[in-house]
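**Q** Quick one: structure below, then a few questions.
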Amino acid sequence: MGVLETIIFIFHIHITRAMASITNPLLTPYKMGNFNLSHRVVLAPLTRNRSYGNVPQPHAILYYSQRATECGLLVTEATGVSDTAQGYVETPGIWTKEQVEAWKPIVNAVHEKGGIFFCQIWHVGRVSNTGFQPNGEAPISPTDKEITPGLAGGEWSRPRRLKTDEIPALINDFRLAARNAIEAGFDGVEIHGANGYIIDQFLKDQVNDRTDQYGGSLENRCRFALEIVEAVANEIGGDKVGIRLSTFADYMECGDSNPEALGLYMANALNKYNILYLHVIEPRMIQVWENSETPYSTLPMKKAFNGTFISAGGYKKDDGNKAIANGNADLVAFGRLFLANPDLPKRFELDAILNKYDRDTFYIQDPVVGYTDYPFLEV
Ligand SMILES: Cc1cc2nc3c(=O)[nH]c(=O)nc-3n(C[C@H](O)[C@H](O)[C@H](O)COP(=O)(O)O)c2cc1C
Ligand SMILES: *[C@@H]1O[C@H](CO)[C@@H](O)[C@H](O)[C@H]1NC(C)=O
Ligand SMILES: *[C@@H]1O[C@H](CO)[C@@H](O)[C@H](O)[C@H]1NC(C)=O
Ligand SMILES: *[C@@H]1O[C@H](CO)[C@@H](O)[C@H](O)[C@H]1NC(C)=O
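Under mature numbering (1 follows the signal peptide of the UniProt record, and there is no 0), the letters of the sequence shown match residues -20 to -1, 1 to 359, in that order.
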C-alpha cells in the first residue's frame, strides 16, 4: 500500500468505528464501578463440560482468550464451590489448590488481551445425583423433594434437606470460593443465583418448603442468597461482586408464584451490599432455547437496583442495541452467539455475518471441536 492509500485505509477504519458506535449502543463505552468497559457485549456464563476431573484444562486458555477483548467483560462457566456442588460431567471447581492453580494461566491469558474476567461460582443443590456426590451420598438442597425423574434427560436423586445449622458452612463455601477466585487472579465473581440451582431452590416457592428462617415468607426465602452476597462482599469487596438471577424462569421445576415480587424484593435488598452488578435472564426465556411471549419485564428490577444491570437471554445485535438505547440494560450478555463467534463484538461492529452455533457440541468433552474451532472473521 502507498502512503496515501494507507492514510485513506486508516481513515476508513476510524470512520467505520465511529459510525458503528453511533448506530450500535452495544459498542459504546460504559463505566462499571472501577472497570472502564470499552463496549457492552458480555460473554455469558457457558458450561462446556470440558474440565476433566473438575479441574480447568489448558484448552480453556485458548477458548477464553479467543473471546477476550480490550476492556470487555467475560464471565466463566459455572464453577463449583465445594465437592458437593457438581451435577454434570467435567465441570470446573474452585475449592482446591489444584483448581486455583489451573485457573491462573487461563485468567492470565484473558488479562493479556486486556479482558475483564469474572468467575461464576455455583452449587447445583438438588440438580445432581448420588454419582456426583462424595461417598455416594444424597445431593443437598433446601428441600427433600426430588426433580421429576428423567427431566431434561438427567438422572436426579432425591435430595437431603439441609438442617438449619448446616447452612452457615455452605455460605462459607461461597465465601472461600470467592477468595480463591481472587487468588487465581479473577477481577471478581458472579454468584450463580439462577437456573434452578441451589440459590434459586431457596428463592422460589415451588421448591422451598422450609419452615425455619430460610423458608416461608419472601424475606425468609431470600435470606440464603443475601447471606451469601454479604459474606462474599465482605470477603472480596462489593465492588467485585455480581449476582445472576432468573426470577421469571422455572428451569428444573424451580418456579415462583409471584416472580415480579421476588425480583423486585431482591433488586432492592441487594442495594444494601453495594455490589457491582445484577445480571438477570430475560423473562422471554421461559423455555430454555426459545424466545416466548411474556407479560413480564425486568425494567422494575433495573430501576430498583443501584448498580450495573446486565440483561441476557435470546439477544441478537438489534434487540441488544435496543435494550441499551431504551434503558432496559447497561450491558447485554450473549451466550450462544458468543459461543459460536469468538469475535462477536467485532462482527457487530462490522455488521458481519455470524457463525451458526452447533447445539450438538455444546456439552461434548472434546478439547477442540465445538469449542475453539469456530472461525474468526477473515479481514
Ligand atoms: C452451552 C450453554 C451452557 C450454559 N451454561 C450456563 C452456566 O454455566 N451458567 C449460567 O448462568 N447460564 C448458563 N447458560 C445460560 C446462558 O448463560 C444464557 O443465559 C442462555 O444461553 C440464553 O442466552 P443466549 O440466548 O444469548 O444464548 C448456558 C447456556 C448454554 C447454551
Ligand atoms: C477509569 O476511568 C477513570 C476516568 O473516567 C479513571 O480515573 C480510572 O483510573 C480508570 N480506571 C481504570 C481501571 O482504568
Ligand atoms: C453439561 O452440563 C450442562 C449444564 O449446563 C448439562 O445441561 C449437560 O447435560 C451436561 N452434559 C453432559 C454430557 O453431561
Ligand atoms: C440507591 O439509590 C437511591 C437513589 O439514588 C438512593 O436513594 C439509595 O439510598 C440507594 N441505596 C443504597 C442502599 O445505596
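Don't be surprised by glycine CBs; every beta carbon is placed ideally from N, CA and C.
Just so you know, these numbers come straight off a predicted model, no measurement behind them.
Who are M12's beta bridge partners in DSSP?
**A** Partner(s): F15.
**Q** For R141, write down the residues that DSSP places opposite it in a beta bridge.
**A** Per DSSP, S121.
**Q** Determine, using beta carbons only, whether P114 and P139 come nearer to each other than 8 Å.
**A** No, Cβ-Cβ distance for P114 and P139 is not below 8 Å.
**Q** Are the beta-carbon atoms of G165 and N88 separated by less than 8 Å?
**A** Result yes, Cβ atoms of G165 and N88 sit closer than 8 Å.
**Q** In this structure, does DSSP put residue 360 in helix, strand or coil?
**A** This structure cannot settle anything about residue 360, because the visible part of the chain is limited to -20 through 359.
**Q** Can you give the beta carbon distance from T136 to R155, rounded, assuming they're within the 8 Å contact cut?
**A** It is Trp, not Thr, that sits at residue 136 in the sequence shown. Not a contact, Cβ separation roughly 28 Å.
**Q** Would the beta-carbon of F15 be found less than 7 Å away from any heavy atom of ligand 2?
**A** For ligand 2, at least one heavy atom lies less than 7 Å from the Cβ of F15.
**Q** Would you mind reading off the limits of the alpha helix (DSSP H) that contains H39?
**A** From DSSP, the alpha helix (DSSP H) with H39 extends over 39 to 47.
**Q** Three or more C-beta pairs under 8 Å: does that hold for the region 217 to 227 against the region 187 to 201?
**A** Not touching, per the Cβ criterion.
**Q** Checking the sheet assignment: what are the DSSP bridge partners for W102?
**A** Bridge partners of W102: G60.
**Q** When we look at the beta-carbon of R327 and count the other beta-carbons within 10 Å, is it buried (16 or more) or exposed?
**A** With 16 or more other Cβ atoms within 10 Å, it is buried.
**Q** Measuring CB to CB, does F356 end up less than 8 Å from D323?
**A** Yes. Within cutoff.
**Q** Near G39, which residues of its chain fall below 8 Å by C-beta distance, leaving aside the five closest residues on each side in sequence?
**A** Checking the sequence shown, residue 39 turns out to be His, not Gly. So the qualifying residues of the chain are R30, P347, V348, Y351, T352.
**Q** Cutting at 6 Å between CB atoms, please list the residues of its own chain near P325, excluding the five before and the five after it.
**A** For P325, where only same-chain residues beyond five positions count, the Cβ hits under 6 Å are H19, V21, T49.
**Q** Is G243 helix, strand or coil by DSSP?
**A** Here G243 sits in helix by DSSP.
**Q** Whose C-beta lies closer than 8 Å to the C-beta of I127 among residues of the same chain, with five residues either side of it excluded?
**A** Result list for I127: R106, V107, G134, W136, M232, E233, in chain order.
**Q** Quick one: does the C-beta of P9 sit closer than 7 Å to a heavy atom of ligand 1?
**A** No, since every heavy atom of ligand 1 falls outside the 7 Å radius drawn around the Cβ of P9.
**Q** Is A292 helix, strand or coil when you go by DSSP?
**A** Strand at A292.
**Q** Restricting to Cα atoms, I'd like to know which of D124, K125, D153, Y245 is closest to L183.
**A** Measuring from the Cα of L183, the nearest candidate turns out to be Y245.
**Q** R264 and T278: beta carbons closer than 8 Å?
**A** Cβ atoms of R264 and T278: not closer than 8 Å.
**Q** Exposed or buried, K143, counting other C-beta atoms within 10 Å across all chains shown (16 or more means buried)?
**A** Exposed is the call here.
**Q** Please confirm whether any heavy atom of ligand 3 lies closer than 7 Å to the CB of N238.
**A** No, ligand 3 has no heavy atom inside 7 Å of this Cβ.
**Q** Quick check: A174 and V61, are their CB atoms within less than 8 Å of each other?
**A** Going by C-beta atoms, A174 is not nearer than 8 Å to V61.
**Q** Taking I162 as the reference, give the member of Y295, L317, F98, L319 with the closest Cα.
**A** Closest option to I162, Cα to Cα, is F98.
**Q** Checking the sheet assignment: what are the DSSP bridge partners for L225?
**A** Per DSSP, G173, V260.
**Q** Out of curiosity, what's the CA-to-CA distance linking N4 and D185?
**A** Distance between the alpha carbons of N4 and D185: 40 Å.
**Q** Flag this pair as yes or no: are the beta carbons of G95 and G52 separated by less than 8 Å?
**A** For G95 and G52, yes; Cβs fall inside 8 Å.
**Q** Round the Cβ separation of L311 and I344 to the nearest angstrom and send it over; I've been treating them as touching at under 8 Å.
**A** Contact doesn't hold; Cβ gap of about 30 Å is too wide.
**Q** Threshold first: 4 residues or longer. Then list the alpha helix (DSSP H) segments lying entirely within the region 148 to 203, N to C.
**A** Correct list: 178 to 183.
**Q** I'd like the span of the alpha helix (DSSP H) that includes A82, first residue to last.
**A** Taken as a continuous stretch (DSSP letters only), the alpha helix (DSSP H) holding A82 covers 77 to 92.
**Q** Flag this pair as yes or no: are the beta carbons of E170 and Q100 separated by less than 8 Å?
**A** In contact: E170 and Q100 (Cβ atoms closer than 8 Å).
**Q** If you follow the beta strand (DSSP E) that L53 is in, where does it begin and where does it stop?
**A** Looking at the DSSP string, the run of the beta strand (DSSP E) that includes L53 is 53 to 55.
**Q** What are the boundary residues of the alpha helix (DSSP H) that includes L6?
**A** It is not in any alpha helix (DSSP H) - L6 carries neither H nor E in the DSSP assignment.
**Q** Let's test the definition: count the other Cβ atoms within 10 Å of the Cβ of K77 and tell me whether it reaches 16, buried, or not, exposed.
**A** By the 10 Å Cβ count, K77 comes out exposed.
**Q** Can A320 and K336 be called in contact, C-beta distance under 8 Å?
**A** Yes, they are a contact pair.
**Q** Quick one: does the C-beta of T341 sit closer than 7 Å to a heavy atom of ligand 3?
**A** For ligand 3, not one heavy atom lies less than 7 Å from the Cβ of T341.
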